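K.L.:
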Amino acid sequence: YEAMNNAGALDARLIVILNDNDMSIAPPVGGLSAYLARMVSSSNYVGLRSFAKKAIRRISKRVHNAAERAEEFTRTMVTGGTLFEELGFYYVGPIDGHNLDHLIPVLENARDSEHGPILIHVVTKKGKGYGPAEASADKYHGVQKFDVITGAQAKAPPGPPQYQNVFGETLAKLAETDNRIVAITAAMPSGTGVDKFAKAHPSRAFDVGIAEQHAVTFAAGLAAQGMRPFCAIYSTFLQRAYDQVVHDVAIQNLPVRFAIDRAGLVGADGATHAGSFDVTYLATLPNFVVMAPADEAELVHMTYTAAEHDSGPIAVRYPRGNGTGVALPEVPQLLEIGKGRIVREGKTVAILSLGTRLAEALKAAETLEAKGLSTTVADLRFAKPLDEALIRKLLTSHEVA
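Going letter by letter, the sequence shown gives residues 5 to 405 in the working numbering.
As structure tokens, this is what we get:
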């Protein structure tokens, strides 16, 4: 929006193609709309429109205003392009993006036009031409290995539950006895587990679209009114809302709960989805509590702890993928803020772990033990506030820490 507003003010020779594949705006139907879209993008029509505007300026203001209203009304009825026109764009569309006989002439006319900026509204269908993808566009967004003929995707072998599902199901269960709990997602309900919550509590689940900044401020508003909002966002996408996290949550000391999915490296999701910085950018903020579960059972405890934490913002970060296979607790435990735990007692070496690297820390302890080095493993649980007493104990009671 900001870039389009700027481009319209500069009258820049810019072409923007809006790929509308959600079908949220009615698709073009029949040859008339395609003809009109092609016609209004032609150089003759643009030139005539420009000439008409210049001519109208020479006649009375009353006639000028009436003509402008008539043109806007007509074009709005045909194209629905009022918003873009108000931003200074010449709107063309909607156009069937799969009909090249209609699309290519429009693109050529826009390319050759000396007027600008131009917005071309192209309506497409995600997965067009491949039946399985058309039927399940969401499942083919980040596709697994699949059979091209049948469209059947290879299923992962059965294993422990995924972290996002543990979060979503735990939150849904907590909400059964607490009507202040609500869940917010920015267009990622299944990826964050909010779909599990929404199925159980549809009136308390909010998908705000791809708008992380709004999601955070919306959660802040709910918290200010006594609700217990959980804002579930991928770690990398929360970066987009950092300003809102600072000004609308941290400084205001509002009890927004952040469920930060895809924390750490994310494998197949790629580098752009890696959640590498959340501990750093959240732990530096005032009033924040930052937690990291070692496994899915700890995530249950931390989700409950976050729900009960009303004195300020709190975040729990967890990775992509499956848990470790530990049993999930029937009754969640309220954790003491800023306190870690000793998982394994030793005397010589101390290993301090945060998050799901605990399993590797325990394996390392076994290896060291086999070499005669008695090893302690501690789970920090909280990146902020740090358990200073636990850290000092490990440093003073072990030869290597």
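Where is the CB? At the ideal position from N, CA and C, for every residue including glycine.
Quantities reported herein were computed from a predicted structural model and do not represent experimental measurements.
For the putative contact between Glu-173 and Lys-200, defined by C-beta atoms under 8 Å, what is the C-beta separation to the nearest angstrom?
P.N.:
At roughly 5 Å, the Cβ-Cβ gap stays under 8 Å, so Glu-173 and Lys-200 are in contact.
K.L.:
From Arg-261 to Ala-227, what does the alpha carbon distance come to, in whole angstroms?
P.N.:
Their Cα atoms are separated by approximately 9 Å.
K.L.:
Three-state secondary structure (DSSP) at Met-192?
P.N.:
Note: Met-192 maps to coil in three-state DSSP.
K.L.:
For His-313, does the count of other Cβ atoms within 10 angstroms reach 16, so buried, or fall short, so exposed?
P.N.:
With 16 or more other Cβ atoms within 10 Å, it is buried.
K.L.:
Using DSSP's beta-bridge definition, name the partner residues of Ala-187.
P.N.:
According to DSSP, which records beta bridges pairwise, Ala-187 is partnered with Ala-209 and Phe-234.
K.L.:
Applying the criterion that 16 or more other CB atoms from any shown protein chain within 10 Å of the CB defines a buried residue, is Ala-272 buried or exposed?
P.N.:
That one is exposed.
K.L.:
Is the beta carbon of Asp-383 sitting closer than 8 Å to the one on Arg-321?
P.N.:
Cβ distance not < 8 Å, so Asp-383 and Arg-321 don't count as in contact.
K.L.:
Which ranges would you report for the beta strand (DSSP E) in the segment 284-363 if only whole runs of at least 3 residues count?
P.N.:
The qualifying runs are 293-295, 318-321, 345-348 and 353-357.
K.L.:
Check each candidate in Glu-349, Pro-121 and Ala-374 and name the one with the smallest Cα separation from Leu-394.
P.N.:
That would be Glu-349, whose Cα lies nearest to the Cα of Leu-394.
K.L.:
Locate the beta strand (DSSP E) running through Arg-261, then write down its first and last residues.
P.N.:
Here the beta strand (DSSP E) through Arg-261 covers 261-265.
K.L.:
Please tell me whether Val-96 and Ala-114 are closer than 8 Å, where the distance is taken between their beta carbons.
P.N.:
Yes; because the gap between Cβ atoms is below 8 Å, this pair is in contact.
K.L.:
Suppose you measure from the CA of Arg-361 to the CA of Ala-298; what does that come to, to the nearest Å?
P.N.:
Those two C-alpha atoms are separated by around 7 Å.
K.L.:
So, are the CB atoms of Val-335 and Leu-289 less than 8 Å apart?
P.N.:
No, they are not a contact pair.
K.L.:
Using 10 angstroms around the beta-carbon of Leu-338, count the other beta-carbons present and answer buried if the total reaches 16, otherwise exposed.
P.N.:
Its Cβ having fewer than 16 others within 10 Å, Leu-338 is exposed.
K.L.:
Specify the secondary structure class of Leu-22 as computed by DSSP and reduced to three states.
P.N.:
Three-state result, Leu-22: strand.
K.L.:
Does the distance from the CB of Arg-184 to the CB of Arg-232 come in under 8 Å?
P.N.:
Yes, the Cβ-Cβ distance between Arg-184 and Arg-232 is below 8 Å.
K.L.:
Given this structure, state the Cα-to-Cα distance separating His-305 from Pro-162, to the nearest angstrom.
P.N.:
Answer to the nearest angstrom: the Cα atoms are 24 Å apart.
K.L.:
Please go through the segment 144-183 and give each complete beta strand (DSSP E) segment of 3 or more residues, from N-terminal end onward.
P.N.:
Runs found: none.
K.L.:
Do you know how far the Cα of Ile-19 is from the Cα of Glu-112?
P.N.:
If you take the alpha carbons of Glu-112 and Ile-19, they lie about 11 Å apart.
K.L.:
Roughly how many whole angstroms lie between the Cα atoms of Leu-104 and Gly-135?
P.N.:
If you take the alpha carbons of Leu-104 and Gly-135, they lie about 20 Å apart.
K.L.:
What would DSSP say about Gly-12, mapped onto helix, strand or coil?
P.N.:
In the structure shown, Gly-12 sits in a helix (DSSP, three-state: H, G or I).
K.L.:
Once DSSP output is grouped into helix, strand and coil, what is the label at Asp-383?
P.N.:
It is a strand residue.
K.L.:
Below 8 Å on the Cβ atoms is my contact criterion, and I expect Leu-175 with Ala-190 to pass it. Report the Cβ-Cβ distance as a whole number of Å.
P.N.:
No, Leu-175 and Ala-190 are not in contact; Cβ-Cβ is about 16 Å, not under 8 Å.
K.L.:
Please name the residue, chosen from Val-212, Cys-235, Gly-213 and Ala-215, that lies closest to Ala-223 on a Cα-to-Cα basis.
P.N.:
Selected option, being the one with the closest Cα: Cys-235.
K.L.:
Over the uninterrupted alpha helix (DSSP H) stretch that includes Val-198, give me the two end residues.
P.N.:
Counting along the chain, the alpha helix (DSSP H) containing Val-198 begins and ends at 198-204.
K.L.:
How is Ile-108 classed by DSSP in three states: helix, strand or coil?
P.N.:
Helix at Ile-108.
K.L.:
To the nearest whole angstrom, what separates the beta carbons of Ser-378 and Thr-352, a pair I think is in contact under 8 Å?
P.N.:
Indeed they touch by this definition, with Cβ atoms about 5 Å apart.
K.L.:
Going by beta-carbon coordinates alone, are Pro-165 and Glu-302 separated by less than 8 Å?
P.N.:
Their beta carbons are not under 8 Å apart, which means Pro-165 does not touch Glu-302 by this criterion.
K.L.:
Compute the Euclidean distance between the alpha carbons of Ile-237 and Asp-116, then round it to the nearest angstrom.
P.N.:
When rounded, the distance between both Cα atoms is 43 Å.
K.L.:
Excluding the five sequence neighbours on either side, which residues of its own chain have a C-beta within less than 8 Å of the C-beta of Asp-391, listed in chain order?
P.N.:
Correct list, in chain order: Gly-342, Lys-343, Gly-344, Leu-384 and Arg-385.
K.L.:
Starting from Ile-122, trace the beta strand (DSSP E) both ways and give me its first and last residue.
P.N.:
Run containing Ile-122: 122-127, per the beta strand (DSSP E) assignment.
K.L.:
Looking only at its own chain, which residues have a Cβ that is under 7 Å from the Cβ of Glu-216, when we skip the five neighbours before and after it?
P.N.:
If we look at Glu-216 and ignore the five residues flanking it on each side, its Cβ neighbours are Ala-190, Ile-237, Phe-241, Leu-242, Arg-244 and Ala-245.
K.L.:
Do Ala-204 and Pro-193 have their C-beta atoms closer together than 8 Å?
P.N.:
Their beta carbons are not under 8 Å apart, which means Ala-204 does not touch Pro-193 by this criterion.
K.L.:
When we look at the beta-carbon of Arg-396 and count the other beta-carbons within 10 Å, is it buried (16 or more) or exposed?
P.N.:
It is exposed - the Cβ of Arg-396 has fewer than 16 other Cβ atoms within 10 Å.
K.L.:
Could you check if Val-330 is buried or exposed, using at least 16 other CB atoms within 10 Å of its CB as the buried criterion?
P.N.:
Its Cβ having fewer than 16 others within 10 Å, Val-330 is exposed.
K.L.:
Going by DSSP in three states, Ile-99 sits in which element: helix, strand or coil?
P.N.:
Strand.
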